[in-house]
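Sequential numbering from 1 applies to the sequence shown in full-length UniProt numbering. Virtual Cβ for every residue (Gly too), placed ideally from N, Cα, C. Here the structure is a predicted model, which means the values were calculated and not measured.
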Amino acid sequence: MTFQTAILLPSQESLLHRLQHVVLYGQQLTVLTGEVGAGKTTLTTALVDTLDDVSSALVVCPQHVDSAEIRRKILVQLLSEPVFDDEVPLPETLLRLCDALPTHCHVVLDDAQYLPLELWAECIVLSQLTLPGKKLSLTLTAPADFLNQILAQLPETQRPLLLPVAIAPLTSAEREGLYYTLLHRSEETPFTPRDIVKEQLQRQQGTPAEVVNLLYLALHGEPEVPKRRPWPLYFAVGACVACLLVSLYWLWGGSEPKVSQPKVQTVAAVRAEAFNKRYAQVLLSDYFTRRGRLSERVLKSTDVTVEAAELARLSKTQLGDELESEIEEASSQDEVLDHQDEHQAEQVPSSQEETLAQTQQMHASQASGEAEAADKPVETFAAEPVSEPSESRNLAASTTSLPHPEGYTLQLATVKRLQSLDATIAKLPDVDQVQIARYKSYWVLLYGQYSDRQEGKQAALDLAKTAQLSSPWVRAWVDLSGYELQQGSVGREIH
């Protein structure tokens, strides 16, 4: 008995005898099936070794093999002289070279699942081929699933031409015997309790490869997995960081300042601007006239002060105080005029007739002061302060809040400065319906009193047409609970 047959288990010995009988006396294509590691290669190798009187050709089929390579490997082992064409099918070649073949030929193809279907067809034909004075048998190995696919493609009349021979799983006794036989031949004695080995063998599927793997694990332990540095991970993290930095620079650092688009002017805005320019020219011309006259009055007051000092020596101190007060009042007049010039755009100026009336009043005051200066040693006078527009003066609201009425009202404007409401109030048809409310640091202009929302909407439409206001807001008094309604109205002073 050779080395190959010496390590066969009883079930494998029985299967080997069956394969020998089929090779010697069978007329079918034998296909040995089993799972990976079931011992197909071991059995076919033992079969070739045991057939001494048979000329065998053993070929292990690699993946992605072509038909010509397999034909060449088979014919080289069967023929003594390589005088053949590997592009010709095997049945044709063997018929032509029948005299050069041995008496009994046995072809073994291991891992036949990698063969092209063309060679499977040639093998089926060879199994049924009759050569004068010669005998030819074939044995192939393949998984059971692949064989089922081949049988499904064959007609029912040709399926009996294939003889499947399945490898049965090893029994528990055979697994244990194989384990300790291999352990004895390894000449090593690992400390593994027999009960643990038996329990692990019973958990297996019954293939010899599983027993060999368990013995290798007992002898050498778990194989060490080489540690690999995660260079791809480092590269990916670096690439993400670089992309993030580039994105931040592109968003923040490299962004160009946005060009501000010019504001679109409407017809109403152009007309309002032209009206304001014309009105400012009229108003400022009167302002510069009054300022020049005020400067002359200051010079005259200085001369009167000098003369009064020479005539009234006893009241020198009193006259000095009066003179200082005169100068301070003149300076205050100049500051008032400057302040009025700076905020002229925010205030609604009075009409041309009111400005002329103020100028005439100032002239009358100046004439009366000069007449009285002849009787008195010294006369002190004060520049008349420029009065604010009537609407701004009347909007000096009291801090006393009033209870809110019921119903609805119209909210027309919300401003920071109370004087900014003068322009809107001047457009309203009925000043008595105007009410001022205080909300935090804002002044809110309210108009009218309505019983329901529909009436308020209609009033808002009418007011937008008559007063040229943009969409007044209909508000319910219930929603204005946080607003402090101020005492008084625009038509009268608020005390």
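Buried or exposed: which applies to Trp473, given that a residue is buried once 16 or more other Cβ atoms fall within 10 Å of its Cβ?
exposed
Which whole-angstrom value describes the C-beta separation of Val431 and Ala437, a residue pair presumed to lie in contact below a C-beta threshold of 8 Å?
About 16 Å; that fails the 8 Å criterion.
Are the CB atoms of Gly456 and Leu485 nearer to each other than 8 Å?
no
Look at the Cβ atom of Gln433, then the Cβ atom of Tyr450, and state whether they are nearer than 8 Å.
no
Can you tell which of Cys105, Leu90 and Ile167 has the C-alpha that lies nearest to the C-alpha of Ile124?
From the listed residues Cys105, Leu90 and Ile167, the smallest Cα separation to Ile124 is found for Leu90.
Have a look at Val22 and Val31 and give me their C-alpha separation to the nearest angstrom.
For Val22 and Val31, the distance between alpha carbons rounds to 11 Å.
Helix or strand or just coil, what does DSSP make of Tyr483?
In this structure, DSSP gives Tyr483 a state outside helix and strand, which the three-state scheme calls coil.
At what residue ranges does the stretch 122-187 contain a whole run of the alpha helix (DSSP H), taking only runs of 4 or more?
144-153 and 172-186
Can you confirm whether the stretch 155-171 touches the stretch 34-46 when touching is taken to mean that 3 or more C-beta pairs between the two stretches lie within less than 8 Å?
These segments touch.
Distance check for Leu214 and Ile7, CA to CA, integer angstroms please.
17 Å
Which two residues bound the contiguous alpha helix (DSSP H) that contains Ile196?
Arg194 to Gln202 is the span of the alpha helix (DSSP H), which, as asked, contains Ile196.
With Val107 as the anchor, note down where its beta strand (DSSP E) starts and where it stops.
Residues His104 to Asp110.
Which residue marks the beginning of the alpha helix (DSSP H) containing Thr33, and which one marks its end?
Taken as a continuous stretch (DSSP letters only), Thr33 belongs to no alpha helix (DSSP H), being part of the beta strand (DSSP E) at Leu29 to Thr33.
CB Tyr114 to CB Gln149, shorter than 8 Å?
no
Apply the 10 Å Cβ neighbour rule to Gly292 and answer buried if 16 or more other Cβ atoms are within range, or exposed otherwise.
So Gly292 counts as exposed.
Determine, using beta carbons only, whether Leu29 and Leu131 come nearer to each other than 8 Å.
no
Would DSSP call Gln468 helix, strand or coil?
Three-state DSSP puts Gln468 in coil, outside helix and strand.
Starting from Ile70, trace the alpha helix (DSSP H) in both directions and tell me its first and last residue.
Ser67 to Leu78
For my contact list, Gln204 and Arg175 are in at a C-beta cut-off of 8 Å; report their separation, rounded to the angstrom.
7 Å
Give the range of the beta strand (DSSP E) segment to which Ala413 is assigned.
Tyr408 to Val415
Distance between Val298 and Gln460 (C-alpha atoms, nearest Å)
This sequence places Ala at residue 460; Gln is not what is there. Those two C-alpha atoms are separated by around 53 Å.
Just to confirm, is the Cβ distance from Leu51 to Leu16 under 8 Å?
No; because the gap between Cβ atoms is not below 8 Å, this pair is not in contact.
Suppose contacts are defined by Cβ-Cβ distances below 8 Å. Is Lys427 in contact with Gln458 by that definition?
no
Please report the straight-line C-alpha distance between Ala413 and Leu421, rounded to a whole angstrom.
7 Å
What whole-angstrom Cβ distance do Asn140 and Ala112 have, given they're in contact under 8 Å?
Checking the sequence shown, residue 140 turns out to be Leu, not Asn. Confirmed, Cβ separation roughly 4 Å.
Status (buried if at least 16 other CB within 10 Å, exposed otherwise) for Ser481
exposed
Checking 8 Å against the spacing of the C-beta atoms, do Val108 and Ala57 come in under that value?
yes
Residue from Glu273, Leu24, Ser80 and Asp53 with nearest C-alpha to Ser137
For Ser137, the closest of Glu273, Leu24, Ser80 and Asp53 by C-alpha to C-alpha distance is Leu24.
Nearest candidate by alpha-carbon position, reference Ile70, set Glu92, Leu119 and Gln200
For Ile70, the closest C-alpha among the options Glu92, Leu119 and Gln200 is that of Leu119.
Environment of Tyr483 [buried if 16+ CB atoms lie within 10 Å]:
buried
Do Leu170 and Ser11 have their C-beta atoms closer together than 8 Å?
yes
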